[in-house]
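Undergrad:
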Amino acid sequence: MKSFLYVIILVLSFSLSAQEWTESEIRINELISGTLLEPITKTDTLAIIIAGSGPTDRNGNQQMQQNNSLKKLAEALTLEGIATYRYDKRILKLLRNNTLKEENLRFEDFVDDAESVVRYFKNRNFKHIVLIGHSQGALVASLTAANEPVDMLVSLAGSGQPLDLLILDQLAKQAPGLVENAKQAFEDLKNKGKAENFSIGLASLLRPSVQPFMKSWMLYDPALVIQNLEIPILLVSGSKDIQVPPSESQLLKDAKPEAKLVFIDSMNHVLKEVNGDDLDNAKTYSNPSLPVIKKLIVEITSFIREGQK
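Be aware that the sequence shown starts at 444, since it is given in our numbering, and climbs by one per residue.
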């Protein structure tokens, strides 16, 4: 009898969990598809989540880094009554179709994709549209908001300076011997359209096929972009982020004093809680079961609810 009751309880628990939201696969166009989560209680607010750099899928994962950061973020926000849409980057579709030509990629492609997503959902029953950009996606979100009006913007671990300056800062900490060589390579790329005489240590970063994309990305100063936005903005950074330090969010805050800046202790770049050393930090990048840190959900939810008023 006890075993029978235990099975009933498990079934009921699963049923209740399954009814916390509805899930739909939404195809925006031939390159962009994603997951729409809608809470059972009707909402007029949608958060569009934009992934960071690389071949990142809707869940925040890459081939060698399965952390489910954006999936966990979307689910947690939906549990708070906020609909979410997250999508695979176009690179994934091109890779799957064996049609990726890296030399043809431009940063504006990602902005075009985000704008297409916004336009699609403006024709649905959502009164408030929020853009949540993570890392590279934060700049994509800012540029999208400048071109396709939305109601709110959330920057998660977004850079506050152009790409080349951010990379030079990272190299200064991790490989200082490459800084001067990288600086010259970036100048050549910006002024001549290509970089050729650079160290083998920069070969992966500055391979010829990716240089056009790098150049297109370097054109944008995130601080200047965000400075011109006239919507509520939330800037979030974490103390354990070893890729984009909190000082980057401070640069954005300096450019846009009206923005709300939140510093989350123990949060790393993939939005997880880390209480140990760098090895513990690295382990979270490949742990899909860890939730995103709770304070992040509290801060985003509070910001969105304030913007709904």
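Glycine included, each C-beta is placed from N, C-alpha and C at the ideal position.
1) Starting from LEU672, follow the alpha helix (DSSP H) in both directions and report where the run begins and ends.
2) List the DSSP bridge partners of TYR528.
3) Near SER746, what residues of its chain come up, given a Cβ to Cβ distance below 6 Å and the 5 sequence neighbours on each side ignored?
4) From this set, MET661, SER659, TRP660 and ALA638, which residue's C-alpha is nearest ARG650's C-alpha?
5) Is LEU513 helix, strand or coil when you go by DSSP?
6) Can you give me the Cβ contacts of GLU558 inside the same chain, cut-off strictly under 7 Å, excluding the 5 residues immediately before and after it?
7) Bridge partners for SER682 per DSSP, in chain order?
8) Locate the beta strand (DSSP E) running through ARG470, then write down its first and last residues.
9) For ILE493, tell me which candidate among TYR728, ILE483, LYS485 and SER512 has the shortest Cα-Cα distance.
10) What residue does the alpha helix (DSSP H) around MET657 start on, and which one ends it?
11) Among GLY503, GLY603, GLU523 and ASP555, whose alpha-carbon lies nearest the alpha-carbon of ILE471?
12) Give the straight-line distance between the Cα atoms of ASP708 and MET661, rounded to the nearest whole angstrom.
13) Taking only the alpha-carbon atoms, compute the straight-line gap between ASN540 and LYS626 and give it to the nearest angstrom.
14) Going by beta carbon distance, what residues of the same chain come within less than 8 Å of GLU463, once the five residues before and after it are set aside?
15) Between which two residues does the alpha helix (DSSP H) containing LEU535 stretch?
16) Evaluate THR465 with the Cβ neighbour count: other Cβ atoms within 10 Å of its Cβ, from every protein chain shown; 16 or more gives buried, anything less gives exposed.
17) Residues in its own chain within less than 6 Å of VAL560 by CB, not counting five upstream and five downstream?
18) Could you pull out every unbroken beta strand (DSSP E) segment of at least 3 residues lying fully inside the segment 567-652, listed in chain order?
19) Beta-carbon within less than 8 Å of ARG533's beta-carbon, same chain only, minus the 5 sequence neighbours each way: which residues are those?
20) Give me the DSSP bridge partner(s) of ILE707.
21) With 16 as the cutoff for other CB atoms within 10 Å, does PRO619 come out buried or exposed?
22) Please report the distance separating the alpha-carbon of GLU691 from that of ALA581.
23) Taking three-plus beta-carbon pairs below 8 Å as touching, is the segment 701-716 in contact with the segment 664-683?
24) Can the beta-carbon of LYS699 be found closer than 8 Å to that of ILE669?
25) By the DSSP assignment, the alpha helix (DSSP H) with THR727 in it spans what residues?
26) Three-state secondary structure (DSSP) at GLU523?
27) With 16 as the cutoff for other CB atoms within 10 Å, does ILE643 come out buried or exposed?
28) If you measure between the beta carbons of ASP531 and GLY576, is that distance less than 8 Å?
29) Based on DSSP bridge pairs, tell me the residues matched to GLN751.
TA: Reading it off the structure:
1) Counting along the chain, LEU672 sits inside no alpha helix (DSSP H), nor does DSSP assign it H or E at all.
2) Answer is LEU479 and ILE491.
3) In the sequence under discussion, the amino acid at residue 746 is Phe, which differs from the Ser named in the question. Excluding residues within five positions, the ones whose Cβ falls inside 6 Å are LEU677.
4) Considering only MET661, SER659, TRP660 and ALA638, the residue with the shortest C-alpha distance to ARG650 is ALA638.
5) DSSP places LEU513 in helix when its eight states are reduced to three.
6) Correct list, in chain order: THR587, ASN590 and GLU591.
7) Partner residues in a beta bridge of SER682, as assigned by DSSP, do not exist.
8) In the DSSP annotation of this structure, the continuous segment of the beta strand (DSSP E) that includes ARG470 starts and ends at 464-470.
9) Checked all of TYR728, ILE483, LYS485 and SER512; the closest Cα to ILE493 is SER512.
10) Counting along the chain, the alpha helix (DSSP H) containing MET657 begins and ends at 654-661.
11) With respect to the C-alpha of ILE471, the residue from GLY503, GLY603, GLU523 and ASP555 having the closest C-alpha is ASP555.
12) Spanning the alpha carbons of ASP708 and MET661 requires a straight line of approximately 30 Å.
13) About 36 Å.
14) Taken in chain order, the residues that qualify are PRO482, ILE483, THR521 and LEU522.
15) 533-539 is the span of the alpha helix (DSSP H), which, as asked, contains LEU535.
16) Looking at its Cβ environment, which holds fewer than 16 other Cβ atoms inside 10 Å, THR465 is exposed.
17) Around VAL560: ILE471 and ILE491.
18) Complete beta strand (DSSP E) runs here, min 3: 571-577 and 595-599.
19) Hits under 8 Å: LEU474, ILE475, ASP552, PHE553 and ASP556.
20) When beta bridges are read from the DSSP output, ILE707 appears opposite GLY681.
21) By the 10 Å Cβ count, PRO619 comes out exposed.
22) When rounded, the distance between both Cα atoms is 12 Å.
23) With the cut-off at 8 Å, the segment 701-716 and the segment 664-683 touch.
24) Between LYS699 and ILE669, the gap from beta carbon to beta carbon is short of 8 Å.
25) Counting along the chain, the alpha helix (DSSP H) containing THR727 begins and ends at 721-727.
26) Here GLU523 sits in coil by DSSP.
27) ILE643 is exposed by the Cβ-count criterion.
28) Cβ distance not < 8 Å, so ASP531 and GLY576 don't count as in contact.
29) DSSP, once it has assigned bridges, lists no residue as partnering GLN751.
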